[in-house]
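Notes follow the structure.
2 protein chains.
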Amino acid sequence: MDIVIIGSGNVASVLGRKFKNAGHAILQVYSRNASAASKLAYEWDTESTNYKSLINNNADLYLIAVNDDAIVDVIKDLYLPEKIIVHTAAAVPMEILQTVSDNYGVFYPLQSLRKEMEALPAVPIFFDGSNEKTKNFLQKLATSISPENVVEAGDDTRLKLHIAAVVVNNFVNHLYTIAEEYCRNEGLDFKQLLPLIDETASRIKETSPQQAQTGPAIRHDSETIHRHLDLLKNHPQLKNIYVLLTESIQQSK
Amino acid sequence: MDIVIIGSGNVASVLGRKFKNAGHAILQVYSRNASAASKLAYEWDTESTNYKSLINNNADLYLIAVNDDAIVDVIKDLYLPEKIIVHTAAAVPMEILQTVSDNYGVFYPLQSLRKEMEALPAVPIFFDGSNEKTKNFLQKLATSISPENVVEAGDDTRLKLHIAAVVVNNFVNHLYTIAEEYCRNEGLDFKQLLPLIDETASRIKETSPQQAQTGPAIRHDSETIHRHLDLLKNHPQLKNIYVLLTESIQQSK
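Going down the list, the sequences are from chains H and A.
Counted the way the numbering used here counts, the first sequence spans residues 1 to 253.
Counted the way the numbering used here counts, the second sequence spans residues 1 to 253.
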């Protein structure tokens, strides 16, 4: 399929690489950031532009991978009837694109993407389309880069998935951050926790996390909990989280 | 080295396997749970007992891997002068063992261990000992099963490590649990989050989690946050955690 990529950030870069690897042609990269666009175009041996009026109109698909807030700006004055246009945002309604073409949709990658990635991770794709033709096209494209994880999902479902993604990605990463900070303040080596972090994430491939829960909270081991809280006197942020999550674990089941 | 393992649970099972793999001899497994002890003894081609009076006294090391609360019970009436005796608990002082021998210590595996594990994960070992002879012995033993992650650590340090472990293991797993529950209630497939969970845990091997933080909270994207909170009206437990961790992310830095 012939694709124009609009945007030059993390999602644009990684999806573009996945498209290239799957044998699709990237006809052009458009971005206000001319330098980033030109780097991607060089990598993919194609052209770039930072003029919206010069967007190539020979592609099958126009994929908008820009910040949520910037989508409105990008599609202003963009008119590509007959073409398929999609954005990649979890939390933006599909209909926002209806001024551009009758064939619009969403192509949401449920993954944390960074252009610096060397090994590309598995990327589940949640797609939607304004009509059957668009849906079929997007499903085929998604399957070509993510054979096992392609699901049709409307605006509401994507927003709910986004909440779940915030929990297991942003919130989990924040726990890593405060653990790292705590280690730094106490002279401990955070790196020694990496095998445990790995094991915790790996285990739930086989076991439901509910079954995998261990530790002082689920054991109601109040002696250990009190000794921990005692040591956290000078770490109010962590102590706060410790108390809330301990209560939440004890509430569960 | 010749080892008697006291206990037959997850820690006893996995450390025992690691000892066997490293070429040590397990002379005996002692446990009140005769059936579990005898299973381990069969796996390791050795003997087991559930009578404390029959504990083999020819070993170099006696490793107690039982619940924190059960350690006191196990060491009652146990007298093994000349021998080295250790427990495996993060949160139990080393001195608890001083009635058993002059050579006592701790051998704390910073990992989440389960006897059902097929592939044994990396297990950082934090050890301590009552004297140089004991420390040297334990360091050598630890290095034989965990060449790259062996650190001497006193009672205080172990307790602090335990706090960090609770955060990155128990608390992270709880976030997985509430995400899974949310998915189940909303008809979403939690399995689609596994690649993201993997990527989140893998990324911090290269990038500090502080640098890896993304999402609506750190972007102060209050529109998305409000739309999420709106959808969480009927999920008070998750909503509570969402609010606290969003605030905590925004406080950081």
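C-beta: ideal position from N, C-alpha, C; glycine also.
None of these values were measured; they are calculated from a predicted model.
{"Asked": "Residue interval of the beta strand (DSSP E) (run including A/His-87)", "Found": "84-87"}
{"Asked": "Where the region 211-231 of chain A meets chain H: residues whose CB sits under 8 Å from a CB there", "Found": "Ala-212, Gln-213, Thr-214, Gly-215, Pro-216, Ala-217, Ile-218, Asp-221, Thr-224, Arg-227, His-228, Leu-231"}
{"Asked": "Neighbour-count burial assignment, A/Gly-187, 16 or more Cβ in a 10 Å radius", "Found": "exposed"}
{"Asked": "A/Arg-17 at chain H interface by Cβ criterion, 9 Å", "Found": "no"}
{"Asked": "Beta-carbon proximity check, A/Asn-169 vs A/Ser-112, cutoff 9 Å", "Found": "yes"}
{"Asked": "Sub-9 Å separation of A/Val-123 and A/Val-14 beta-carbons", "Found": "yes"}
{"Asked": "Rounded C-alpha distance that separates A/Tyr-176 from H/Pro-209", "Found": "6 Å"}
{"Asked": "Assigned secondary structure, H/Tyr-79 (DSSP; H/G/I helix, E/B strand, else coil)", "Found": "coil"}
{"Asked": "Integer Cβ distance of H/Ile-257 from H/Ile-71, believed to fall under 8 Å", "Found": "Residue coverage of chain H in this structure runs from 1 to 253, which leaves residue 257 of chain H outside it and unanswerable."}
{"Asked": "Under 8 Å from the C-beta of H/Asn-149: neighbouring residues of chain A", "Found": "Gln-192, Pro-195"}
{"Asked": "Span of the beta strand (DSSP E), counted from its first residue to its last, around H/Phe-107", "Found": "103-109"}
{"Asked": "Collapsed DSSP secondary structure at A/Val-172 in the structure displayed", "Found": "helix"}
{"Asked": "Contact under 9 Å by Cβ, H/Ala-36 with H/Asp-68", "Found": "no"}
{"Asked": "Any chain H beta carbon closer than 9 Å to A/Ser-130", "Found": "no"}
{"Asked": "CB contact flag (H/Arg-219, H/Ala-212, <9 Å)", "Found": "no"}
{"Asked": "CA-to-CA distance, H/Val-100 to H/Val-243, given in whole angstroms", "Found": "50 Å"}
{"Asked": "Residues near A/Phe-190 in its chain [Cβ-Cβ closer than 6 Å; skip 5 each side]", "Found": "Glu-180, Cys-183"}
{"Asked": "Nearest to H/Thr-143 (by Cα), restricted to the options H/Val-11, H/Ser-8, H/Asn-10, H/Lys-18", "Found": "H/Lys-18"}
{"Asked": "For H/Asp-2, the first and last residue of its enclosing beta strand (DSSP E)", "Found": "2-6"}
{"Asked": "Cβ-based contacts, 8 Å cut-off: residues of the region 238-253 of chain A near chain H", "Found": "Leu-238, Asn-240, Ile-241, Tyr-242, Leu-244, Leu-245, Ser-248, Ile-249, Gln-251, Ser-252"}
{"Asked": "Beta strand (DSSP E) segments (min. 3 residues) lying fully within the region 36-74 of chain A", "Found": "47-49, 61-64"}
{"Asked": "Cβ-Cβ distance between A/Lys-135 and A/Phe-127 below 9 Å", "Found": "yes"}
{"Asked": "H/Asp-45 versus H/Lys-20: straight-line alpha-carbon distance, rounded", "Found": "10 Å"}
{"Asked": "Within chain H, the residues that A/Leu-188 reaches when beta carbons sit closer than 8 Å", "Found": "Thr-157, Lys-160, Leu-161, Ala-164"}
{"Asked": "H/Glu-199, buried or exposed, once every other Cβ within 10 Å from all chains shown has been counted against 16", "Found": "buried"}
{"Asked": "9 Å Cβ cutoff, H/Leu-175 in contact with chain A", "Found": "yes"}
{"Asked": "Which of helix, strand or coil DSSP assigns to H/Asp-221", "Found": "coil"}
{"Asked": "Contiguous alpha helix (DSSP H) assignments of at least 4 residues, all confined to the region 119-153 of chain H", "Found": "132-145"}
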